[in-house]
Structures are given as structure tokens and as C-alpha cells.
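Notes follow the structure.
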Amino acid sequence: MVGQVNHDISVQRVLRLAALVISLLLITGTSARNLYDLDTECPGVMGNRDLYEKVVRVCDDCSNIFRENDVGTRCRKECFFNVDFLWCVYATERHGDVEQLNRWMSILRAGRK
């Protein structure tokens, strides 16, 4: 009986904590995408989220075209400075955007060693 009461209290605490975390995320407007951005390999993302969203869109579109789990991850690797990103640029028919994408990638990579 006592064990059941302690278990119920523990479950209630976990549920309250989960509700609090979810509420805070909703209040601050944090989405799953924003949480990913905090862990990105691009040091220049902070303050340049609009550029990041434009560049990452290439990877998202590429993932949708090929429907492979790791396409998006490979495309984003090393702050988009890889062969897979270039492959995705051409696969999504953004040939004319290469120069602009390179400028945005340079901004996002600023501060890398």
C-alpha cells in the first residue's frame, strides 16, 4: 500500500515536471526545429536564423525528394560544407542559387577554426 502511494506521488511529480517543461517551451515559442538549431555545427546561426532556414531548406527538399533517412543529416554536415550539400543543390534544381548559397554558408561558418 505504501509502495503504491509513493509510486503515485512519483508519477505525479514526473507529470507535473513534463507539463511545466512543455508549458515553458510553448510560452517561449521554442519548436523542435529551434532546439535542433542550438546543436548545429554552424557557429554563425545565432542572429542569422533566417539565412540558416534558407540554406537548410535545400537539405529538407532533398530529403523529401529522395526519402532517405540520412540525406538531411549528410547535407547539413560540417555546416553545409560538403559534397552532399552541393549534390542536393543540383538535385533540387537550384543551380542559379549556388553563389548566394555560398555567401550564406560563409556567414553561417563564421568563427569556425
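The sequence shown runs -32 to -1, 1 to 81 under mature numbering (1 follows the signal peptide of the UniProt record, and there is no 0). All residues carry an ideal CB built from backbone N, CA and C; glycine is no exception.
Decide if residue i is buried, meaning its Cβ has at least 16 other Cβ atoms within 10 Å, or exposed.
| i | result |
| --- | --- |
| V23 | buried |
| Y4 | Summary for Y4: the model assigns pLDDT 47, below 50, so the residue's position carries little reliability; its value from the coordinates is reported in the next sentence. Y4 comes out exposed. |
Roughly how many angstroms separate the alpha carbons of residue i and residue j, rounded to a whole number?
| i | j | result |
| --- | --- | --- |
| K45 | E9 | 7 Å |
| D7 | G40 | Note on D7: pLDDT 47, under 50, position unreliable in the model; no value is reported. |
| R42 | C56 | 10 Å |
| S(-23) | V66 | 54 Å |
| V26 | R(-20) | 42 Å |
| T60 | Y20 | 17 Å |
Go ahead and pull the three-state DSSP assignment for residue i.
| i | result |
| --- | --- |
| E67 | helix |
| N32 | helix |
| D18 | helix |
| D7 | For D7, the predicted model reports a pLDDT of 47, less than 50, meaning its position is unreliable; a value from the coordinates is still stated below. Of the three classes helix, strand and coil, the one that applies to D7 here is coil, per DSSP. |
| F53 | helix |
| R42 | helix |
Check your understanding: Is there contact here, the segment 10 to 21 with the segment 67 to 78, by at least three beta-carbon pairs under 8 Å?
Key -> They touch, by the three-pair rule.
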